[in-house]
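Structure first, commentary second.
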Amino acid sequence: MPGTVQSIERAAAVLRLLAHSPRPLGVVEIANALSLPKGTAHGIIRTLHNVGFVAQDQRSGRYRLGRDLLQLHDPPLDHNELRARALNWTDTLASRTGEAVRIGVLTAPLEVTIVHHVFRPDDSVQVMEVGKVLPAHACALGKAVLAYHPDSSTVLREATLEEFTARTVTSGRSLLGQLSTVRERGWASDVEELTSGEAGIAVPIRDHGGTVVASVGITGSPQTVCDGGRNPRPRLAARVLEISRAITGELAIRRE
Amino acid sequence: MTRASYVAAIDQGTTSTRCILFDHAGRLVSVAQREHRQFFPRPGWVEHDAVEIWRNVERVVPQAVAQARAEPDQIAAIGIANQRETSVLWERRTGRPVRNAITWQDTRTAAIVDQLSAEGGPDRFRHRSGLPLMTYFSGARIRWMLDRDPVLREQAERGEVLFGTMETWLIWNLTGGPEGGLHITDVTNASRTMLMDIHRLTWDDELLEAFTVPRGMLPQIRSNVEVFGTATSVLPGVPIGAALGDQQAALFGQTCFSAGEAKCTYGTGAFLLLNTGADPVHSSHGLVSTVGYKVGAEDPVYALEGSIAVTGSLVQWLRDRLGIISSAPEIETLAREVDDNGGCYIVPAFSGLFAPHWHSEARGLIIGLTSYITKAHLARAILEATAWQTREVVDAMNADSGLALKGLKVDGGMTSDHLLMQTIADVLDVPVERPMVSETVSLGAAYAAGLAVGFWPELKGLRRHWHRAARWLPEMEPARREREYGNWRRAVERTYDWLQHDEDGPGT
C-alpha cells in the first residue's frame, strides 16, 4: 500500500481548523495553530482557495471555508440550466460546422439522454431530439462522457454490448481501449456505429471543478464529418473543443 | 477599416447589459454580460441606476472584445439596442442623473394617465402617437418627475436638464458626456414616448403640451441606421452606427423585412411585432402602432405590436422573491414533475395588463388553489401564463390583419425552455420556430450598425444568415385547448378593477 500524502493531510487539518473557528483566520494564525512554517501554510491555503474550498474575507484578508466545500453535496447541474447556458455557443458551433449539434448527459450506466439539439443549418425538415435516449457505447456523445466516468471500467470490463450496425463496438474491452484514446486526444467519435449514414464527433463538458457533466457534439453524414479515409476531420474536432471550452467557461461564471 | 472583422452590439436590457461581437456571417463570436440592480421602492415602482448601467457598458464592451482576442480597430461599428420607455433625466453640465431611471414596468404615473384619460378618453392620442394612454410609455414619467420639483422644471425649460431613454443616455456618454456628448434618440425609441407624431416622426407640440414636457430637454430624433458619431470612450474611434428599441432590433435581427412577417421575443416581457410596411396600422383590438425601423433617409417601416409586460420576470419572481427555484431554467425541471397545472392559473398583472387588455388597474392573481396544488403546478401555471398571453396577442393580431398566423418565429432567453416552447405551439396551434441566433436583439443592432458602415452591403442579403435552429409542432387536443383557454380568460377577468385610486398609498 502506498504511503500517505503529507500535503493532503495538512490541507485537511487546515479545513478542520477553519470549520471549527468562529471567525476567519489569518495565515500566521493558521500556521501557528498547526505548527507549520508560514510559507507552507500559505501555499496550502492558496491552493485550497484556488479550488474554491477556502474563501478570503475581502476586508480583513483572513480565510474561512469556501462555498464550494459547503456545496459538495448539492444536486448535480440541472439539465435545463445546462441548455440555457450552452445555447449561444451551440448555435455558433452549428453555423460554423454546418452540422447538427447536440448535448448529452449520462442518465444510466450506458445511456445518454439528449438535453439540447440545434438543427443542421440547412433549413431542411428535422425532428427535435431532446429527451431521446441513445446507447452510450455506440455514439460519440456517449463515449465522450464514458471516457471520464469513474464507473466505466467496472461496467464495461466484461460487458457484451448491443450491436446496431456492422461497425458498432460490441466488446466492452475494445471500447475501453477506445476510451483511453478519447482521453489522450480529448475528443470522441463514431462513424456509422449507431446509424448507417451518420457520423459524430463529441467532446466532454466540465463543470467549474473539472468534473465531466455532459458532452457536446456534432452529427452529420460521414461525407461531411469525415475525410476521404473515413476518419473524422480534426479541423471539426477543434471547433467542437473550442465550443466545449466556451460552455465550460459559461458554467464557471454561474458560480460567481 | 480594412482590418474590420466584427460588429459590437450593446444590448442594454431590463435586467442586464450585454455586449456581443458578431462576425461577417452574423455568427456570435463572444459575449460579456453584467446584471444591474432592480429597485422596488414601493409597490408598482421599478427603478434602475443609470450610472450603474453606464459603468456596466464600460466593463462588458472591453470584456467581449478581449474574449474574441480582437483589437478595438477590428470593430467596424457599435450598434445599440435598449430596453424601451425607461426614462432618465440628467444634468447637462455634470452628467449626473437627477434621480434613478424610472423603468417601463413602473406604474407610478397612473394618476396622470387617469386624469388625461378622463379628459378625453384613453385613445385620445392614439391617432397622433399610435399609443393608448398607459403608464407603460415615457411621456407621463417626464411629467411626473418635473411636477414634483419646480426647480427641475425650470432647469428642463432652460435645457440644463436632459431627458433620454437608455440609448440616448448611452450615446451621450459614449460620445463625451458633459464634453460635447451627442443628445440624440432614434425613431423607434421616440415612438414609445407618446410625444412623437408617428406619421411625421417629429416631436409633437400638442403631445408635449398634454404632458407638459419642455422641448429643450428632448433629444434630436434620428433614423435607426446611420453613423451618429464616433465613440470617444469605451471603444474610442469606433463609429456608432445604430440605435433601436430592443423589440424593433429583434424584428430586424429576425430579418422580418417584409410586410406580414412577425416575431415574438421572450425576455423580461414578451413582445410580438408584425411588420406592416410603409403605413402605420391602427389597431382596433388592443395592439400598439409603432415604428419598426428606418434605414437612413429611406421611408420608415411600421409595425403592429402586442406587448406583454410580464413573462420572464414572472420566472424571476419565482426565483428571487419566492425562492422556489435557484436559477430560471430550473422552472422547466420543476414544471415537468407534473403533467398539468392541477387547475391552477396565474395571471401576472404586476404592472397592470398590457396588450390586448390595457387595464392599468388590474393586479396579479393566483386562482384555482386547492390542497392538491404543489410548487410544480405553480411552475406549470407560470409557463402557461406566458403561452396564453401570447395567444391573446396573436388573436388580436389575426383580428386586426384579417389573416391567420401560420407559424411563430421566436427568440430571446426563454426559448431555451422546451416545455414553454411546446406549450406555445400547443395553445397557438401553429409551429414555433427558433432561429440559429437566439440573441436576435443584439443581432439586429449589429445588422443595423453594420449596414450603416458598409460592413454588410444591403438589407436583403442579411436574410441568408437566417437558419432554423429548432421547431416545435402543436400536439394538444383541440377540446383541451379550448377548455384551458376558457379558464385562462375567466382568470384574466378576475384581475380587473383591483386597484383603487390612492396614488401614493401602500396598496398602490
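Protein chains in written order, with our numbering: chain A, 1 to 256; chain B, 1001 to 1508. All C-beta atoms, glycine included, are put in the ideal place defined by N, C-alpha and C.
query: Could you pull out every residue in the same chain whose Cβ sits closer than 8 Å to the Cβ of T47(A), ignoring the five residues on either side in sequence?; result: A11
query: Is it right to say H137(A) is buried, meaning 16 or more other beta carbons lie within 10 angstroms of its own, or is it exposed?; result: buried
query: Cβ of L236(A) within 8 Å of Cβ of I247(A)?; result: no
query: Ignoring anything shorter than 4 residues or poking outside the stretch 1369-1397 of chain B, list the alpha helix (DSSP H) runs there in chain order.; result: none
query: From the DSSP output, which residues share a beta bridge with H1418(B)?; result: None, per the DSSP bridge assignment.
query: Taking any Cβ of chain B, which residues in the stretch 74-98 of chain A have a Cβ under 9 Å from it, in chain order?; result: D78, H79, N80, E81, L82, R83, A84, R85, A86, L87, N88, W89, T90, D91, T92, A94, S95, R96
query: How big is the Cα-Cα spacing for T1423(B) and A1387(B)?; result: 6 Å
query: Label A1009(B) either buried or exposed according to how many other C-beta atoms from any shown protein chain fall within 10 Å of its C-beta, with 16 as the threshold for buried.; result: buried
query: Any beta-carbon of chain A closer than 8 Å to the one on V1467(B)?; result: Sequence inspection shows His at residue 1467(B); the Val mentioned does not correspond to that position. Cβ-Cβ to chain A under 8 Å: yes for H1467(B).
query: Using the C-alpha atoms, what's the distance from P109(A) back to S244(A)?; result: 23 Å
query: Assign Y1136(B) to one of three DSSP states: helix, strand, or coil.; result: coil
query: Just mark Y1302(B) as buried or exposed, buried being the case when its beta carbon has 16 or more other beta carbons within 10 Å.; result: buried
query: Grouping DSSP H, G and I as helix and E and B as strand, with all else coil, what is Y1496(B)?; result: coil
query: How about L1383(B) and L1419(B): are their beta carbons less than 8 Å apart?; result: yes
query: Would you identify the three-state DSSP class for Q1083(B), choosing helix, strand or coil?; result: coil
query: Tell me whether R1018(B) sits in a helix, a strand or coil according to DSSP, three-state version.; result: strand
query: Taking a Cβ distance cut-off of 7 Å, strictly less, list which residues of the stretch 119-132 of chain A are near chain B, in chain order.; result: F119, P121, D123, M128, V130
query: Roughly how many angstroms separate the alpha carbons of R1093(B) and E1160(B), rounded to a whole number?; result: 7 Å
query: Which of helix, strand or coil does DSSP assign to W89(A)?; result: helix
query: Return the chain-ordered list of same chain residues with a C-beta closer than 8 Å to the C-beta of A1396(B), the five sequence neighbours on each side being excluded.; result: S1283, H1285, G1286, L1287, G1306, A1355, P1356
query: Helix, strand or coil for W1488(B) per DSSP?; result: helix
query: Going along chain A in order, which residues have a C-beta closer than 7 Å to the C-beta of E1439(B)?; result: N88
query: For F1257(B), which of V1291(B), G1267(B), L1235(B), T1232(B) has the nearest alpha-carbon?; result: V1291(B)
query: When burial is assigned at 16 or more other CB atoms within 10 Å of the CB, is Y1372(B) buried or exposed?; result: exposed
query: Quick check: the Cα distance between P1236(B) and I1053(B), rounded to an integer number of angstroms?; result: 19 Å
query: Rounded to the nearest angstrom, what separates T211(A) and L65(A) at their Cα positions?; result: 21 Å
query: For D1429(B) and chain A, any beta-carbon pair shorter than 8 Å?; result: no
query: Determine the DSSP secondary structure at R10(A), reduced to helix, strand or coil.; result: helix
query: Whose CA, out of R1363(B), G1343(B), A1349(B), lies closest to the CA of L1369(B)?; result: G1343(B)
query: Please state whether DSSP places D1339(B) in a helix, a strand or coil.; result: coil
query: Could you check what DSSP says for G228(A) in three-state terms: helix, strand or coil?; result: coil
query: Just to check my reading of the structure: G1216(B) and A1448(B) have Cβ atoms closer than 8 Å, yes? What is that Cβ distance to the nearest angstrom?; result: About 29 Å; that fails the 8 Å criterion.
query: In angstroms, rounded to a whole number, what distance separates the CA positions of E1337(B) and A1376(B)?; result: 6 Å
query: What's the gap between the Cα of L70(A) and the Cα of R239(A)?; result: 36 Å
query: Per DSSP, what are the beta-bridge partners of R1468(B) in this structure?; result: P1435(B)
query: Below 8 Å on the Cβ atoms is my guess for A94(A) versus A140(A); work out the distance and round it to an integer in Å.; result: At roughly 16 Å, the Cβ-Cβ gap does not stay under 8 Å, so A94(A) and A140(A) are not in contact.
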